[in-house]
Amino acid sequence: GNRLTRLTPFNAYKAKDGYFVIASGSNEHWMRILKAMQREDLIDDNRYRELSNRVSKADEVDSLINAWAQKLSVSEALGALEAQGVPCAPVREIPEVVTDPNLLSDEAIIPIFHPKWGKVDGAKAASLPIEFSLSPTGFDRPAPVLGQDNETIYGKILGLDASRIQELRNKGII
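The sequence shown begins at 6 in the numbering used here and counts up by one.
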């Protein structure tokens, strides 16, 4: 599932037009969430006041948030939560992500290249989110075509000689 079991609320919630996530675990955030939901009546409720209580009642906490969220659009829910400083974000579908101008300009989404055909129109992948100053990151080559690494795997790693590899090819095994 989407729930982080040691923190609550930390889950995806359904709004009228999609989903959003709340990534929270502090008592301060809980009070802010209650304010965003206009449920200040629960601020002093001992069932939810401390994180350990909320974790043991995670289903109840999620039900409270879902009951509130289902009446709102994702934008409305996020607006209320963000206004209170609650860590939250929309859950986005793949077409939204791969066309996001910010992700594209930051090269967080990159085109896919095929070893034989080059850039594959419409095919994209997530780049590596971590960069190091002295070590290159990224994709050093595209995914191999079928059988492209047979010499390395069967020869160098498994120790088969060239005649044995050719025999396996002739039999259609590789």
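No residue lacks a Cβ here, since even glycine has one placed at the ideal position from N, Cα and C.
Worksheet entry | Whole beta strand (DSSP E) elements within the stretch 49-130, 3-residue minimum | Given a length threshold of 3 residues, each whole run of the beta strand (DSSP E) inside the stretch 49-130 is given here in chain order: 93-95 and 114-119.
Discussion item. Using only the alpha-carbon positions, how far apart do S80 and K19 sit?
Written reply: For the pair S80 and K19, the Cα-to-Cα distance works out to about 12 angstroms.
Worksheet entry | Of the residues L77, F137 and P149, the one placed nearest G23, counting alpha carbons only | Closest in C-alpha terms to G23, from the list L77, F137 and P149, comes L77.
Discussion item. Could you give the first and the last residue of the continuous beta strand (DSSP E) run that contains N16?
Written reply: Where N16 is concerned, the enclosing beta strand (DSSP E) stretches over F15 to A20.
Worksheet item: Just the Cα atoms here: how many angstroms apart are K161 and P149?
Response: So the two alpha carbons sit approximately 17 angstroms from each other.
Practice prompt. In the DSSP assignment, find the beta strand (DSSP E) that holds A41 and state where it starts and stops.
Written response: Element bounds for A41: not the beta strand (DSSP E) but the alpha helix (DSSP H), N32 to A41.
Practice prompt. State yes or no: is the C-beta of A130 within less than 8 angstroms of the C-beta of A113?
Written response: Contact: no.
Fill in: Nearest candidate by alpha-carbon position, reference L91, set L173, T13, R174 and Q171
Going by the sequence as given, residue 91 is Val instead of Leu. Nearest to V91 by C-alpha distance, out of L173, T13, R174 and Q171, is T13.
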